[in-house]
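Student: Numbering (the numbering used here), first residue to last: 4 to 552.
Rendered as structure tokens:
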């Protein structure tokens with residue numbers, strides 16, 4: 004009997020899947036640092052300043068380059084915060100936000116903010132916003148915590164989200180469907196202070212699955228039939244690049260496959276602009292830019308930095324530097340040059356080239372310099388001063404002045420040439436110019452092979468190099484016309500030894516968003532891929548490259 008009993012067993016109880024998120028990768032999240040067995044969160048002041056500097060949209064970080072969660076079914080997340088000096092925020096989104104230099108599109112998900120015993124609970128459903136810079140949650144409530152020192156939990160149970168603490172349900176809302184993507188992206192941030200996270204776990208409900216995942220780009224590989232592979236056969240020193248963002252690189256397998264499969268160079272679309280690198284004076288948040296560089300370095304790609312001196316995408320502290328007196332200008336000059344030295348020094352050896360001045364001329368396609376903080380501080384010769392400071396920090400990086408509307412002969416092109424030459428005469432180190440080549444309207448912006456050839460000859464005769472830096476083309480007249488324009492620009496650039504590289508301003512139309520004159524969010528259809536599929540322009544560029552072999 005004893006032997007029989009010893010052979011009889013019951014099926015083991017299913018084990019819960021529990022993930023200790025503190026043991027995952029948080030190294031590329033701004034304001035987050037390891038603190039013993041926990042994480043220390045400090046405020047960074049990250050915001051997005053709109054074009055006219057009239058508003059600032061919060062831009063709290065998410066863990067994009069590290070670990071996110073993949074779940075099927077219900078789950079529970081639990082966090083324990085301590086040492087909260089002001090506020091503590093915890094975000095759980097179903098996808099990364101889409102971030103431009105002027106706005107952020109808030110994804111579906113939940114944001115909790117602890118302030119004393121008050122817990123703010125906001126739910127976003129990811130629907131299009133009337134005002135994208137001021138997203139409205141579908142649920143916004145404040146509840147009182149029975150014990151602010153107790154753990155806070157978020158539980159998804161079907162179509163319901165439950166927020167609980169100290170054994171009590173504080174909120175139960177019918178928005179569980181915001182996590183239908185099956186992915187959970189986590190963020191920790193503070194607006195004004197700091198706090199510590201001593202516990203952060205994720206648990207799958209019974210019958211559900213839960214696992215961790217890294218960035219999508221890690222699995223992507225170059226394609227033997229991709230644009231860069233074909234360019235290598237046509238002209239081995241030539242790089243075809245694209246502007247990229249960390250969110251889709253980390254989260255979108257289509258985007259990662261398209262990018263790594265086709266491109267040999269990158270320009271960080273926004274991550275290296277001043278407001279993203281230094282949200283407060285003396286505070287630097289290199290994390291997202293470093294994450295992008297680490298991802299592409301592992302693929303052997305070349306990096307073009309973007310940008311140093313720029314009228315837009317400046318943090319408030321930089322815009323507000325005083326220039327009313329000589330003493331003010333000296334102090335502001337020190338602050339700006341310290342920024343240049345710190346940023347260029349940080350990326351030294353990791354970027355091959357850099358836009359040291361971006362869009363210096365007025366917005367109405369004229370030839371007057373914009374009187375931004377660089378102009379107000381240093382005067383009209385600021386490009387030479389910035390160029391010298393960049394050279395002092397990294398003498399090997401190739402320097403460019405990048406401008407729109409100068410890709411065809413005319414006064415704006417002449418002014419760009421004169422500005423680059425004058426900067427060098429004054430001690431600058433400008434290697435060449437970036438011709439953005441945005442074709443927003445084929446009636447007014449189209450670039451012919453003849454005009455571009457004359458342009459390239461002009462800069463070559465002046466001893467300057469050219470990069471096609473931000474090419475995108477509208478499909479308003481159809482995809483065949485769009486494809487022809489793309490192929491014309493690439494082929495003309497490739498034929499000229501002075502044209503050293505070609506970059507398109509984005510990868511996939513899935514992330515091509517802009518705000519029209521009425522403030523409405525619009526999706527563009529200007530790029531080589533659309534919703535994971537190549538457009539006719541992609542094949543036209545492949546044909547153009549094969550014609551050089």
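Glycine included, each C-beta is placed from N, C-alpha and C at the ideal position. The model shown is predicted, which means the values in this text are computed figures rather than measured ones.
Please report how far the alpha carbon of residue 160 lies from the alpha carbon of residue 189, in whole angstroms.
Tutor: 19 angstroms
Student: If we ignore side chains and look at the alpha-carbon of each, how far apart do residue 335 and residue 49 end up?
Tutor: 21 angstroms
Student: Based on Cα-Cα distance, which residue from 294, 23, 149, 283 lies nearest to residue 271?
Tutor: 294
Student: Leaving out five residues on either side along the sequence, give the residues of the same chain with a beta carbon under 7 angstroms from the beta carbon of residue 28.
Tutor: 69, 70
Student: Would DSSP call residue 19 helix, strand or coil?
Tutor: coil
Student: Taking DSSP as the reference, what is the three-state secondary structure of residue 354?
Tutor: coil
Student: Under a three-way DSSP split, which group does residue 277 fall into?
Tutor: helix
Student: Can you check DSSP and say which residues form a bridge with residue 155?
Tutor: Residue 155 is bridged to 82, 168.
Student: Quick one: grab the DSSP three-state call for residue 381.
Tutor: helix
Student: Give the secondary structure of residue 122 by DSSP, where H, G and I count as helix, E and B as strand, and everything else as coil.
Tutor: strand
Student: Considering just the uninterrupted stretch of the alpha helix (DSSP H) at residue 295, what are its terminal residues?
Tutor: 290-300
Student: Residue 152: buried (16+ other C-beta within 10 angstroms of its C-beta) or exposed?
Tutor: exposed
Student: Is residue 429 closer than 7 angstroms to residue 395 when the C-beta atoms are compared?
Tutor: No. Outside cutoff.
Student: For the stretch 162-173 and the stretch 127-137, state whether three or more C-beta atom pairs, one from each stretch, are separated by less than 8 angstroms.
Tutor: no
Student: For residue 507, count neighbouring C-beta atoms within 10 Å of its own C-beta (all shown protein chains included) and say buried if the count is 16 or more, exposed if not.
Tutor: Buried: at least 16 other Cβ atoms inside 10 Å.
Student: Using only alpha-carbon positions, find the residue among 317, 354, 355 that is nearest to residue 339.
Tutor: 317
Student: Using beta-carbon positions only, say whether residue 402 and residue 359 come within less than 7 angstroms of one another.
Tutor: yes
Student: Taking the beta strand (DSSP E) that residue 475 falls in, what are its first and last residues?
Tutor: 468-476
Student: Looking at the strands, I want to know which residues DSSP matches up with residue 418.
Tutor: Answer by DSSP bridge pairing: none, since residue 418 is not bridged.
Student: Use the C-beta contact count for residue 351: other C-beta atoms within 10 angstroms, 16 or more gives buried, fewer gives exposed.
Tutor: The residue is exposed, with fewer than 16 neighbouring Cβ atoms inside 10 Å.
Student: Does the stretch 79-95 touch the stretch 222-240, meaning 3 or more C-beta pairs lie closer than 8 angstroms?
Tutor: no
Student: Grouping DSSP H, G and I as helix and E and B as strand, with all else coil, what is residue 516?
Tutor: The three-state secondary structure of residue 516, taken from DSSP, is strand.
Student: Whole angstroms are fine: how far does the CA of residue 375 sit from the CA of residue 63?
Tutor: Cα to Cα, residue 63 sits roughly 27 angstroms from residue 375.
Student: Let me confirm a value: residue 40 is counted as buried when at least 16 other C-beta atoms fall within 10 Å, else exposed. Which label applies?
Tutor: Flag for residue 40 reads exposed.
Student: Tell me which residue opens and which closes the alpha helix (DSSP H) that residue 539 is part of.
Tutor: Taken as a continuous stretch (DSSP letters only), the alpha helix (DSSP H) holding residue 539 covers 539-549.
Student: Rounded to the nearest angstrom, how far is the Cβ of residue 122 from that of residue 141, given a contact under 8 angstroms?
Tutor: Their Cβ separation, rounded to whole angstroms, is 18 angstroms, which puts residue 122 and residue 141 out of contact at 8 angstroms.
Student: Considering only the beta carbon of each residue, do residue 109 and residue 53 sit closer than 7 angstroms?
Tutor: no
Student: Would you mind reading off the limits of the alpha helix (DSSP H) that contains residue 254?
Tutor: 249-254
Student: Going by the CB atoms, is the gap between residue 463 and residue 501 shorter than 7 angstroms?
Tutor: yes
Student: Suppose contacts are defined by Cβ-Cβ distances below 7 angstroms. Is residue 3 in contact with residue 136 by that definition?
Tutor: Because the chain in this structure spans residues 4 to 552, residue 3 falls outside the shown range and cannot be described.
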